[in-house]
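Asker:
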Amino acid sequence: MKRLSTLCLSGALCLQSTLGLAQNANEAILNVLVTMELTPACEFSSGSTSTAGNIQLGTMDFGAIIAQDGEVTAQLSGSSGYGIRAICAPGVSAKVNLQSSRNAVPSNLGTTRAMVDGAGHSIGYNVYSDVAMSNPLQDGDVIASMVGDGTEKTVPLYGKAFMSRNEVAGEYTDILYITIEM
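This is the structure in structure tokens:
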């Protein structure tokens, strides 16, 4: 005669035992089924910090400069180096996407992004996945594709801001929203 007993902890791990009758009355045989499920996943990794559900991947800092006619370039950097860092489980295919940015882009800028100051002034900029900065990324564009092997991958991200001598002094900011899609 066997009796089946199940113990579940946290709804995730269940131990199932079969209580059987042993050779003598003072002995019982207990079997425990131990299971685990590894889910296919990717995550942003080192160099990022998290506050209130938002992950800060780093900063693309164009620096403190005097207004001038021309372009200024920057690269995403974080506490452990340059670029977006991601880890995917072995065999998991993923895309790192530029979802969108926080600020609306005034039509007169001719760029895909805008940094704004507290008074509503804008400086246009574009972001790129290549160091040559040849093709500006649009909302929804794939920055990089990867197949996970359990190690950290670095995805570079570059920026180019376009200015004129007429820009109003102040601190200009924007936020880029990046996603990992599997």
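Read in order, the letters of the sequence shown are residues -22 to -1, 1 to 160 in mature numbering (1 follows the signal peptide of the UniProt record, and there is no 0).
Backbone N, C-alpha and C define an ideal beta-carbon position, used for all residues, glycine too.
Drop a sphere of 10 angstroms on the beta-carbon of S107, count the other beta-carbons inside from all chains shown, and report buried for 16 or more, exposed for fewer.
Answerer: Label assigned to S107: buried.
Asker: Helix, strand or coil: which one does DSSP assign to L(-14)?
Answerer: Interpretation of L(-14) is limited by its pLDDT of 42, a score under 50 that renders its predicted location unreliable; no figure is taken from the coordinates.
Asker: Where L(-14) and M14 are concerned, what is the direct C-alpha to C-alpha distance, given to the nearest angstrom?
Answerer: With a pLDDT of 42 at L(-14), under the threshold of 50, the modelled position of that residue is not reliable, and the figure given next carries that caveat. Distance between the alpha carbons of L(-14) and M14 is about 13 Å.
Asker: Hey, could you find the ends of the beta strand (DSSP E) Q53 is sitting in?
Answerer: First-last of the beta strand (DSSP E) with Q53: 48 to 56.
Asker: Measure the alpha-carbon distance for E130 versus T51 and round it to whole angstroms.
Answerer: Between E130 and T51, the C-alpha separation is close to 26 Å.
Asker: Going by the beta-carbon positions, is the gap between L115 and S100 smaller than 8 Å?
Answerer: Taking 8 Å as the Cβ cut-off, L115 and S100 do not qualify as a contacting pair.
Asker: Identify which residue in N32, A97, V10 has its Cα closest to the Cα of T156.
Answerer: Here the sequence assigns Ile to residue 156, which means Thr is not the residue at that position. When each option's Cα is compared against that of I156, the closest is N32.
Asker: Tell me the residue span of the beta strand (DSSP E) that contains T157.
Answerer: T157 -> beta strand (DSSP E) spans 154 to 159.
Asker: Compute the distance between the beta-carbons of I153 and R80, then report whether it is under 8 Å.
Answerer: Yes, they are a contact pair.
Asker: Tell me which same chain residues have a C-beta within less than 7 Å of the C-beta of G61, skipping the five on either side of it?
Answerer: Cβ neighbours of G61 beyond the five flanking positions: L54, T132, V133, P134, L135.
Asker: How would you write the range of the beta strand (DSSP E) that G36 sits in, first residue to last?
Answerer: No beta strand (DSSP E) holds G36; DSSP gives it neither H nor E.
Asker: Just the Cα atoms here: how many angstroms apart are F40 and Q77?
Answerer: Going by the C-alpha atoms only, they are around 21 Å apart.
Asker: Which two residues bound the contiguous beta strand (DSSP E) that contains N113?
Answerer: Counting along the chain, N113 falls outside any beta strand (DSSP E), and DSSP gives it neither H nor E.
Asker: Going by DSSP, name the residue or residues bridged to S123.
Answerer: DSSP output for S123 lists K73 as bridge partner(s).
Asker: CB-CB under 7 Å to G48, same chain, minus the five flanking residues each way: which ones, in chain order?
Answerer: Cβ within range, chain order: M141.
Asker: Tell me the rounded alpha-carbon separation between A19 and S57.
Answerer: Answer to the nearest angstrom: the Cα atoms are 23 Å apart.
Asker: Taking K138 as the reference, give the member of E5, T89, Y150 with the closest Cα.
Answerer: Closest option to K138, Cα to Cα, is T89.
Asker: Using a 10 Å radius around the Cβ and a threshold of 16 neighbouring Cβ atoms, would you call M160 buried or exposed?
Answerer: Answer is exposed; the Cβ neighbour count stays below 16.
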